[in-house]
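Taking the numbering used here, I'd label the letters of the sequence shown as residues 1362 to 1781.
Each residue gets a CB set at the ideal place from its N, CA and C atoms; glycine is no exception.
Treat the numbers as computed from the prediction; the structure is a model and nothing was measured.
These notes are about the structure you will find just below.
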Amino acid sequence: MKQSRLFAPTLKEAPSDAVIVSHQLLLRAGFIKQVAAGIYTYLPLGKKVIDNIETIVRAEHTAIDCSELLMPALQPKELWDQSGRWDVYGGELMRLKDRHQRDFALGPTHEEVITTVVKDYLNSYKKLPLSVYQIQTKFRDEARPRFGLMRGREFIMKDAYSFHEDAASLDVEYDKFVQAYHNIFTRCGLDFRMVEADNGQMGGSGSAEFMALAEVGEDTIVYSTDGDFASNIEVHDLAVGEPAPVGNGTIQHAKGIELGHVFKLGTKYSESFGVTFLDVDQKKQALMMGCYGIGISRIMMAIVEQKNDEFGIIWPKNLAPFDVHVVPICTKTPEIIDHALDIYASLQQAGYDVLLDDRPERAGVKFKDSDLMGIPLRIVVGKSIADGSVQIANRQTGEKLEVKVEDLKEALSEIYANLK
Ligand code: ATP
Ligand code: MG
C-alpha cells in the first residue's frame, strides 16, 4: 500500500475527552474516529488490526471444531420475553420499534437467538456436543461509554455457544475454550491472566474471565503472590496482604481489562425455550449450554494500552497493520525514490505486507508518523543508498542496523522472526 493513498488522518493532539493513552494513540495515529459517544469508525489501519485479531480468533475456533455462523443483530422482543430478560436486562438493552410499532432489541448478546436456532435440530444425543460462534457487532447502551473502544455502545464481539447432553461434556468443551482463549490472547501478544469470575445475571455454574493487565482496567484482580490463585474481586473480596484462600502466598491486587469470558450456563436457556433432546435411553432431557465471549474491538485498545512509548504505538507482529514500513527520506531524489520502490516491490513479493511512505513530506514528519503508527520494522532509504545501503529500524527494540540492499531480505527475515 502506498501511504499517499492510505486514508489515515493523523492528529497532532488527541481530543481532550480521550484520557487514556490507548484511546489517544488510536485517535492520533488515525486508526479510529469517533462518530458519537461510544460509537466509532474503524479507519483502514484500525480495520486491518481488527482483521488480524479476527484471523487468530477464527483459527483457534476452527482448531476446536467450533463452526462460524452469523446471527441477526435485530431481535424481536418475543425472544427476550421468553427468557425473561426483556424486563431484567435494563437500560443497556437498545430497544426500538418497527413501522408496525412492534418491539425489537439490537442484540447485546445472542443466547436467545442461538437457542431458537438450534432448537429443532438438536433433538438427539447423537448430534451432541455442538458448538458454534459468530463475530458480530453488538449493541449495549452503556451507562458510561468511555475509554474509546474499551466500553463502546456499538462494538465487535466474538460470541460462541456450546450444547451438551450432560455436565461432563460441558466441562470438556469449557476446558477446550479455556485453552483456545489462552492461545488467542498469547498470539495477540497480550499480557493477560485468567481469573475466577462472578456468575452475574447470566445464571449458571462456573465462569472465568481473561484480563489484560493494565492500570486503567476497570476490574480488580486479587491474586496470590505465590501460587495459581487469581480471582475477580467480585468473587473473593480479599485485602492486600491476607493469606491466599488456596495454595501458598499472600494476596496482591492488580487492575485488569476484561478481554473475554467463558461461562457454564447449564440449562437456563434450554428450559426457557423448551429445548430438549432424546438421550441414549430415549428419555427427554434439557440441553446443557456454555457461552464464551471475546471483545474483539476491546483487544485492539488493550494491546495499545500495554504496548506503547512516548512516540506512539508498538504493535506486536501478529496484530500490526503492516509488517514493514519503507520510508524514503525524500521523494524528489530519483535515486532514493527508485530504490524505495524496488525494495517495496521485492518485499511484497517476499510475502510481507508493506507500507511505502511515498508522501512528499519532510523526513522528520515521516519518522514521527511512522513511530506513532507503530509498524514493527522500518526501512529507511536515505543518503547511504549512494553506497548501496539502507537502514532497518526495529520499533520493538529500538535497534538500528545498516545493511547492503542485496543483504536486506536475509537480514530482515532474521529480525522479523525474532519479533514479538
Ligand atoms: P464488562 O464487565 O466489561 O461490562 P461484560 O461482563 O458485560 O463486560 P460480556 O457480556 O461477558 O461482558 O461480553 C463478552 C466480552 O465483550 C467482554 O469480555 C468484553 O471483552 C467485551 N465487551 C463487553 N462490553 C463491551 C463494551 N461495552 N465495549 C467493548 N467491549 C465490550
Ligand atoms: Mg457489561
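{"Asked": "Beta-carbon proximity check, R1659 vs L1717, cutoff 8 angstroms", "Found": "no"}
{"Asked": "Short Cβ contact (8 angstroms threshold) for L1483 with F1638", "Found": "yes"}
{"Asked": "Straight-line Cα distance separating R1512 from R1505", "Found": "8 angstroms"}
{"Asked": "Segment contact, 8 angstroms Cβ cut-off, at least three pairs: the stretch 1417-1435 with the stretch 1491-1498", "Found": "yes"}
{"Asked": "Sequence ranges, alpha helix (DSSP H) only - wholly within the stretch 1572-1656, length at least 4", "Found": "1629-1633"}
{"Asked": "Cβ separation of H1622 and G1654, assumed to be a contact under 8 angstroms, to the nearest whole Å", "Found": "5 angstroms"}
{"Asked": "C-alpha distance - D1587 paired with I1475, whole-angstrom precision", "Found": "41 angstroms"}
{"Asked": "Three CB pairs or more closer than 8 angstroms across the stretch 1657-1676 and the stretch 1541-1550", "Found": "yes"}
{"Asked": "DSSP beta-bridge partners of D1520", "Found": "Q1495 and G1654"}
{"Asked": "Delimiting residues of the beta strand (DSSP E) encompassing E1472", "Found": "It is not in any beta strand (DSSP E) - E1472 instead sits in the alpha helix (DSSP H) that spans E1472 to V1479."}
{"Asked": "Identified DSSP bridge partners for T1402", "Found": "K1394"}
{"Asked": "For P1695, the three-state DSSP class (helix, strand or coil)", "Found": "helix"}
{"Asked": "Alpha-carbon to alpha-carbon, M1734 and K1409", "Found": "12 angstroms"}
{"Asked": "Contact test: G1621 Cβ vs the ligand ATP heavy atom, cutoff 7 angstroms", "Found": "yes"}
{"Asked": "Proximity test, G1513 beta-carbon vs the ligand ATP heavy atom, cut-off 7 angstroms", "Found": "yes"}
{"Asked": "Neighbourhood of I1746 by C-beta, 7 angstroms cutoff - its chain only, sequence neighbours within 5 removed", "Found": "E1696, I1697 and H1700"}
{"Asked": "C-beta contact flag for I1545 and G1578 at 8 angstroms", "Found": "no"}
{"Asked": "Cβ-Cβ distance between I1517 and I1674 below 8 angstroms", "Found": "no"}
{"Asked": "Buried/exposed call for R1739, threshold 16 Cβ in 10 Å", "Found": "buried"}
{"Asked": "Helix, strand or coil at F1553 [DSSP, three-state]", "Found": "strand"}
{"Asked": "Three CB pairs or more closer than 8 angstroms across the stretch 1445-1454 and the stretch 1528-1540", "Found": "no"}
{"Asked": "Supposed close pair F1634, K1480 - CB separation, criterion 8 angstroms", "Found": "6 angstroms"}
{"Asked": "Check: G1759 C-beta below 7 angstroms from any heavy atom of the ligand ATP", "Found": "no"}
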